[in-house]
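Chains as they are written, first to last, in my numbering: chain Z, 1 to 195; chain D, 1001 to 1970; chain S, 2001 to 2100. Even for Gly, the Cβ is constructed at its ideal location relative to N, Cα and C. Input: a single structure, listed below in structure tokens.
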Amino acid sequence: MAEQLSPLGAAWKPGRHNVTGAAPGVVLTETRPGSIVQVAAWPGDEKAVIDAIRAVAGLKLPDGAGGGIATEHKAAFGFAPGKFMVVTQVEGIEAELLKAIPITVGTVTGLSHGRTALRVSGPKAEWVLAKLYAIDFALPAFPLHAGRSTMHHDVFTQIQRTGADQFDLYVFRSFARSFWTTLCHAAEEVGYEVR
Amino acid sequence: MSPRRTNAPGRVDRARSIRFSFDGKIFAGHPGDTLASALMANGVTLFGRSFKYHRPRGVLTAGVDEPNALVTLIRGDVREPNLPATQVEIYEGLEAVSQNRFPSLSFDVGAVNQLGGKLLGAGFYYKTFMGPVIGPLKGTRFWMFCEHFIRRAAGLGRAGTAKDTARYERMNAFCDVLVVGSGPAGLKAAREAAGDGGRVILLEMDPLFGGSARWSGGRIEGTDAAHWVEETVSGLRELPNVRLLSRTAAWGYYDGNTIAATERVADHKREAAKGEPRQRHWVIRAKKVVLATGAFERPIVFAGNDRPGVMLASAAARYASDFSVLPGERIAVFANNDSAYANAALLREAGATIVAIVDMRAAISEDARRLASECGGELLTGHAVVATEGGKGLTGFKVQKFDAATGSLTGDPRVISADLLAVSGGWSPAIHLASQAGAGKAEWDATLQAFLPPKPAQDWTAVGTAAGDFSGGHGLDVAPAPVFEIRAGGKAFVDFQHDVTADDVRLAHREGFVSVEHLKRYTTLGMATDQGKTSNVPGLAIMAEALGKPIPEVGTTRFRAPFSPVSIGAIGAERIGDLRPDRLTPMHDWHVGQGAKMYPAGLWHRPAIYGAPGETVEQAYIRETKATRSAAGIVDVSTLGKIMVQGPDAAEFLDRVYTNLFSTLPINKARYGLMLREDGFAYDDGTTWRLAEHDFLMTTTTANAGKVMQNLEYFLDVYWPDMKVTLTSVTDEWAGASIAGPRARDILASVVAGTAVDNETLPFMGIVRGEVAGVPVMICRLSFSGELAYEVYSGAGHGQQVWDALIEAGQPFGLVPYGLEALGTMRIEKGHVTGAEIDGRTTARDLYLDWMLSKKKPFVGSAMMDREGLVDENRIRLVGLVSLDGRPLNGGAHLVEHNDPTALRDSIGHITAVCFSPSLGKYIGLALVKGGKKRHGTRAYVSDPLRGRFGPVEIVSHHMFDPEGKRMHG
Amino acid sequence: MLITCPYCGPRDLAEFTYQGDANRARPDPASTDQAAWNVYTYDRVNTLGDHAEYWQHSGGCRAHLKMVRSTLTHAISSVEFVRPHPGHKPSSRRKPGAAP
Ligand SMILES: [Zn+2]
């Protein structure tokens, strides 16, 4: 299938920006996963949906609000009551989830085009993100692999912590370029590299 | 004699020099200097002219409470006014100018105001300039005459007009314990909280931590205070759970234990580093807050107390001990409490001669007496200063015998010569933040003669001097004699910055102001940029005396944020100059590349026209419309709101929220739907596509997408929680291209693979799936333009590829891209409604959409839509208009029946949308007029006096073009 | 103001949208009782003190919450999901300050 075009356009400027030391404060990337899928369970059917995600994607979601799991090539996290994001590098996971989750249990909604995945990693990741979001990024408050739904002004964002100093952000595609520009601006203080 | 630099140790690094300018003159200072300390070290005592009377003013304090020494800083074209020189750290090349003087600081024309003192008393502006206009130069008219001169003469610094180019940022922080203030009490609190393992943030306004303990001597925990500070701070620095922020003023205490603070990140630098903000706006959410905000020394109100050379005793001592600047050579002290004796000792230690200590109390403590004798000089207990002498600097002052109990002055005044008078009128705990987050009023402490923090309404505790605990430090008793004013005639200032005198306060009382809140507003006491830090309690005491009531009964005003001035930039943070994010469609770059004139639609950017060189907007949309109606046009409709409605109850859900039925909609068919509000008025419209048994794709208007989504979620969560429906915003998932015109089908047939698009396969409102350029697409045949039209949806990431393929395929057929103007023109010709007509005041019937109101089921709004007032035939209802004078119409213009351009009455409705109709060759419009249809074929007049437009129109059906819809059904 | 969303935890007011008085009862959809619809649509209590109201966590999990908030102090005495989520378990958020 034709490759998706990035919404970032000319705002994506690979390379190092204002990096004075040996390493940048943060590395910013557009991860471009093949599939971004929202799965919703009817109240009471969360367990069945979590099991289906495990069966299809091999991702074992922990119980509890905002619980998540991530490996190198795929991830899943809860972002709202009974709602989960499943993200994989490969395309086509949506069709498999549809097969595994009957309408009596929940719904599957493809968002592979509608959400843009941006990764912020590096020692200053928490610092840069704290400029934009009013949530607590410290590890005890935002544990590894957990998910959060929040916003930067008008830009609704789902965030998963995929490393001690790594966060994956999912923003609406139409806002992605504007938000990316804001993110780069916020990262300039600590020096950043776009990969 | 003037102030001078000493060799005393302190914060100033004399090994390095910094050059800066004040009023164009070049001076040298050192790292660690504030503008105030550096100028004083250069012998400068005159810093500004006062607000109303243009009296010369010097430095009163050494900190954020400074009312007098305000300056304007100039960075390039940017001016920042009203900065206390005591807060400005100097940097190489700093450029500061004094304020409120004309033509120069030392010779000021406005100083003549001092002679006409009575003229500018309390409420002067209100009395002179408000009220009825009687006679040529009275009241409001007089104000208009004088305003220019007064605005120039009175007031503070002038703001610049250049755009602020500095960077500002916001930072969200969370902690277990937030400590505000880093004096000994704050440091101890931070150390203790850090020991408990919690996350701790410590804020300090000053560049250095430690407060007065760094320079005022004394011992803490058995060691030298300055050394203790150093040890404690470096201990805290090593802890990973502690964040220390200097140059950070906490200025607001908000709900949820949220503190707002401004960090001056680069204000002390010549230039911020690349990417570094000038200031950082901290929003800190703390589980617990410790307010160690310290206390402010108060001046004493006496005649001439504003003369340069009269300074707070603690400030004088701090200049000497902390900044290595001796503020005077021959120093006298005037006090009502013991703390000033310790400061006198520090001044003497720094090399000054203490000529006299004037204490209004008859009896003083042993400690004070001992310190006085160590200082040398005369000790005059039971005395008070009654006047000061000198021009732009103090040369001496007069004292008289004083009875603190009665306030009476006796005996002959005696002159004492001195170049600095260090004053202490007692101490006021800095309860500003506590007051903002307090339950009830601040509590009056009769011993301290000061307000203590109120009971907390949030999770905070006050410690140290902020809580009225002065037992640390030098250990002297700070309890003052309860005297705030020496009444000996002459101008005695309470609020230095707003030039409010004790007599002004009494005048306000005589004029009937009894509430402290009214007094404050009438006299403007405490309303200047310093927020009355030095004037609040003395002003209140004088008011209380005038009222004959004790101070606690008069009460204090509640302190409000901000505690200290905050730049608007810091609050705007990253949004300065870029107030809103941009929402771009997948084809945005293509539109811009084609020279489209982009138009903001909410946050979206949409092409208004694709103008050819030399074309006007009207020419462009007429060309685009004609091409679409004669061949084909393509428009980007990706901005339409799109909501996936999924689940076993999805169809039922739609039946409830739409006025018409959707449960009967076959799979792969679309239907136009209308939503009402609960009150029965029209809300939003759009088409909804049934993609599968349990999957519907709802479209909304671009403008209402967010609101409709919220409204649907509200109904689902609040009223129908048992329905199994998932709502997901998929606006951004799909790119949409609408291709319209007689050749639209031919174009699609030539480019779409995997499906036919003929009338049989793809009838009106049908949906098919296929491929364009190897990309999966979904095509729905529906029309807004009135032409044979199709909406081609693809994944947003493929939108540009599909668009390119459609443009290329359309070339042989004369396809043109069109923008919002042409889109609007075609919908007006067709009489399709948008937000201009669904304006929140129209009903479905008003818009002739009653055919959409199902009688088979209740729906949102169905119970309220038939109310008497909503079904009245004479409501304003939708019609078409044709301009009869060949001139354009204006949206918003009124319609009248009479042909009288001068009569501004009897509106029968208004115009909602206008265009030139290429199809009719006339200027046309849509309007809402009384009676609607009944007026078809009648004449009316547009009346738009504001824009000078009056002329005849014909009222016609809103279906002005192809009323039978042959074209789109073809 | 901070609102503690049962799903997301304490969040800034800016993430929430006020969605109206939670004291009103929507009549049966098929009801034609104009008086009842009128009360539902227009009549509002103007409480001094504790007030039941709907808020949506629009900048977060988007759930509608029913809260009791004091109109006098902004103190929020209870927050719960409007739509029941029987499967909901609060996150196993560690205590702030605890070692990661
Ligand atoms: Zn939430």
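Annotated three-state conformation of D/E1297 is strand, per DSSP. Counting only Cβ-Cβ distances below 8 Å, Z/Q166 has no contacts in chain D at all, with the closest Cβ about 19 Å away. Ligand 1 approaches S/A2063 closely enough that one of its heavy atoms is under 7 Å from the residue's Cβ. The DSSP assignment places no complete alpha helix (DSSP H) segment of no fewer than 4 residues inside the segment 1276–1320 of chain D. Listed in chain order, the positions of the segment 35–54 of chain Z with a beta carbon within less than 8 Å of a beta carbon of chain S are A41, P43, G44, D45, E46 and K47.
A straight-line Cα-Cα distance of about 50 Å links D/L1380 and D/E1238.
Z/S35 and Z/L59 have their C-alpha atoms roughly 14 Å apart. With respect to D/R1690, D/P1666 sits close: the two C-beta atoms are nearer than 8 Å. In terms of Cβ geometry, Z/P81 and S/C2061 form a close pair [threshold 8 Å]. It is roughly 36 Å from the alpha-carbon of S/Y2042 to the alpha-carbon of D/A1561.
Rounded to whole angstroms, the gap between the alpha carbons of Z/H113 and Z/V87 is 12 Å. Between S/F2081 and D/T1585, the alpha-carbon positions lie close to 35 Å from each other. Between the alpha carbons of D/G1376 and D/A1225 lies a distance of about 26 Å. Contiguous beta strand (DSSP E) elements confined to the segment 1905–1947 of chain D occur at 1907–1917, 1922–1930 and 1939–1944, taking only those with 3 or more residues. The beta carbons of D/A1190 and D/L1236 sit about 6 Å from each other, so the pair counts as a contact at 8 Å. Among the CB atoms of chain Z, none fall inside 8 Å of the CB of S/Y2042. D/A1173 reaches chain Z at A130, counting residues in chain order whose Cβ is nearer than 8 Å.
Within the segment 2044–2060 of chain S, the residues whose Cβ lies closer than 9 Å to any Cβ of chain D are, in chain order, Y2054, Q2056 and S2058.
Remark: C-beta atoms of D/V1310 and D/T1388 approach each other more closely than 8 Å. The CB of D/P1648 comes closer than 8 Å to the CB of I103 and T104 in chain Z, given here in chain order. Nearest Cα to D/S1862 within the set S/N2038, S/R2024 and S/R2011: S/N2038. Of all residues in the segment 1558–1580 of chain D, none comes within less than 7 Å of chain S when Cβ atoms are compared. Within 7 Å of the C-beta of S/H2057 there is at least one heavy atom belonging to ligand 1. Between D/P1858 and D/L1661, the alpha-carbon positions lie close to 10 Å from each other. Between D/C1175 and Z/A41, the alpha-carbon positions lie close to 35 Å from each other. With three or more CB-CB distances shorter than 8 Å, the segment 1267–1278 of chain D counts as touching the segment 1164–1179 of chain D. For S/G2087, the shortest separation between its Cβ and any heavy atom of ligand 1 does not lie below 7 Å.
Taking non-hydrogen atoms of ligand 1 into account, the C-beta of S/G2060 is found less than 7 Å away from one of them. Under the 10 Å beta carbon count, D/G1475 is surrounded by fewer than 16 other beta carbons and is classified as exposed.
Put simply, the backbone Cα of D/E1271 is about 37 Å away from that of Z/Q160. Around the CB of D/I1284, 16 or more other CB atoms lie within 10 Å, so the residue is classed as buried. Distance from the CA of D/A1260 to the CA of D/L1291, rounded to the nearest whole angstrom, comes to 14 Å. A Cβ-Cβ separation of about 7 Å places Z/I93 in contact with Z/V56 under the 8 Å criterion. For D/Q1646, the enclosing beta strand (DSSP E) covers residues G1641 to Q1646.
In the assembly as shown, D/L1083 is a buried residue. Its beta-carbon has 16 or more other beta-carbons within 10 Å.
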